[in-house]
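Enquirer:
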Amino acid sequence: MAGEVVNPQGVDISKKKDGGVLKRIIQEGTGDELPSQGNKVKVHYTGTLLDGTKFDSSKDRNSPFEFKLGEGSVISAWDIGVATMKKGEVCMLTCRSDYAYGKAGSPPTIPPDATLQFEIEMIDWQGEDLSPQSNGGIIRTLITAGEGHSTPRNGAQVEVHLVGKYENKVFEDRSLNFCLGEGSDVGVVEGVEIALEKFKKAEKSRLKLKPEFAFGEAGKADVKVPSNAVVEYEVELKSFENEPEEWSLDEEGKVKQAQLYKEKGTKYFKAGNYKLAVKMYKKLLSFLEGEDTADPNGLILAGRLNAALCHLKLNENKDAVDQCSEALNLDPKNEKGLFRRGQGYLALGEPELAKKDFEAVVALAPENKAALNSIVICNTQIVEQKKKEKKIYANMFEKFAQKDREEKVSRFGWWDGLHPVTPAPYKDEDVEDAEKEKAKELKKKREFIERMKKQKMEREKEREETNHVEEADLPDKRREDIAANESSPASEEIVNQTSVS
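Numbering (my numbering), first residue to last: 60 to 560.
(1) Is the distance from the Cβ of Leu175 to the Cβ of Cys150 below 7 Å?
(2) Using alpha carbons as the reference points, say which of Ile182, Gln96, Gly90 and His370 lies closest to Ala204.
(3) Name, in chain order, the residues that DSSP records as bridge partners for Gln176.
(4) Closest to Ser209 by C-alpha separation, out of Leu189, Leu255 and Asp354, would be which residue?
(5) Taking Leu412 as the reference, give the member of Pro166, Leu152 and Ile434 with the closest Cα.
(6) Using the three-state DSSP reduction, which class does Met181 fall into: helix, strand or coil?
(7) Should Lys162 and Pro170 be called a contact, given that it needs their Cβ atoms to be closer than 7 Å?
(8) Any chance the stretch 77-85 sits against the stretch 191-198, with 3 or more Cβ pairs inside 8 Å?
(9) Under the assumption that Leu93 contacts Ala142 (Cβ atoms under 8 Å), give the Cβ distance between them as a whole number of angstroms.
(10) Who are the Cβ neighbours of Glu249 in its own chain at under 6 Å, not counting the five residues just before and after it?
(11) Taking the continuous alpha helix (DSSP H) assigned at Ile359, which residues delimit it?
(12) CA-CA distance, Glu418 and Gly357?
(13) List the whole-angstrom C-beta distance separating Gly239 from Ile197, where the pair is believed to meet the contact cut-off of C-beta under 8 Å.
(14) In this structure, does DSSP put Gly242 in helix, strand or coil?
(15) Among all the DSSP beta bridges, which residues are the ones paired with Thr203?
(16) Can you say whether Arg400 is buried or exposed, counting buried as having 16 or more other CB atoms within 10 angstroms of its CB?
(17) Taking its Cβ as the centre, do 16 or more other Cβ atoms sit within 10 Å of Lys76, making it buried, or is it exposed?
(18) Among residues of its own chain, excluding the 5 on either side of Gly362, which ones have a beta-carbon nearer than 6 Å to its beta-carbon?
(19) Between the Cα of Lys395 and those of Asn438, Gly408, Ala430 and Gln316, spot the shortest distance and give me the residue it belongs to.
(20) May I have a chain-ordered list of the alpha helix (DSSP H) segments no shorter than 4 residues that lie completely inside the stretch 382-464?
(21) Is Leu347 helix, strand or coil when you go by DSSP?
(22) Tell me whether Val100 sits in a helix, a strand or coil according to DSSP, three-state version.
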């Protein structure tokens, strides 16, 4: 409340150094890591007024409290104070009302303008996930907070110190300068580069990297990092300088920057680093495309054609075709564009499209042996494709014909008592009606069989009765009827017709 005396113990950790948040350590924590903004932290706490009145305690509930640090889900004193705690640490935070519940308080337990005290125990936290897909591939844990708000962008010149560890054994310890986004040229793994874009100047953090963001399936045998290894890096960003942004440059400045990217791309291409080369060519395009001016010095055309060549080297054939098509929009008779697009189509299994491009090259340069040879390859593949298609269609027609035969049998085959078959599944739009119809037919068939059996039994009974009568006493007509019934093939025919059931 107004006029209350703030507990003088503890260090002022408020950002404004206005005494609003005081911290006194009761029990030291372990290690050197600190939670950072966005981390999910787990704590136990007991909250009291200055007179000692307890208003809340997670320990009384026997349930730790969890929240995301730095996102405003708790009072500001907590976001400030908890961010300074190590694992296992216990501290007392004294929080002035403007860093707690302010003039309103939190009735009925916390009065207006109340200064509060919290005994907090840091149990654990989950590091910040920096992976692009948020799948836990890059986890950052803060060691030393950085300065200011600015972070390096892709293309920035950075100065860093790296310490890499696998199973607590150091395999890398070095300081270096490099251009962010081009780290693979100096052996910096992708996960470190992605994370550095979130670092502030002078920040020091620990990164846990899954294999896909470190050394992958290949591992790094020269430093005894095996295949598919999870590694840790301790990274310190000493300084950085961002490259100029597109909007800040005039036309001349953009052309200069684009020319620089072209030179870098060519350097990386010659070194066989095609991934980095294509990245440079695409940055060139991002600086120049969309401008009202014509293609300066043919840079856009060169960027497209060179990017296409890199994609071909990387077996990214669809991307190569797309880049060539864009280049041919600028120059429809460009030999390189036509030839490289033909290569892309051929690799994609489109020999007819490829042949058109190679023929266009020959029309422009009749002595182009590479294009002539490629046409021969296309013709061979076209013939092979047609053979395969013919075989596929023949098989398809046979399958359809067989299906038709099976459906006919399934509908009518049960009448063929001499050659019983197992009906094929009856397929129709209305399966339920078909099943009902089938059941009716089966019922009729059974009734027919029962009638025939009954008639047969009656005749046999009648025959037995007549056996007791002297044949000599029978009229001639009756004797003929009995003989006719005994020699009739009707009973055998009935049995044969119904044998499928």
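Quick reminder that beta carbons are idealized off the backbone N, C-alpha and C, glycines included.
Expert: Let me spell this out:
(1) no
(2) Gln96
(3) Thr107 and Thr153
(4) Leu255
(5) Ile434
(6) strand
(7) no
(8) no
(9) 7 Å
(10) Phe272
(11) Leu358 to Lys372
(12) 25 Å
(13) Contrary to the premise, residue 239 reads as Leu rather than Gly in this sequence. No, Leu239 and Ile197 are not in contact; Cβ-Cβ is about 15 Å, not under 8 Å.
(14) helix
(15) Lys263
(16) buried
(17) exposed
(18) Tyr340, Leu343 and Leu344
(19) Ala430
(20) 394-406 and 410-423
(21) helix
(22) strand
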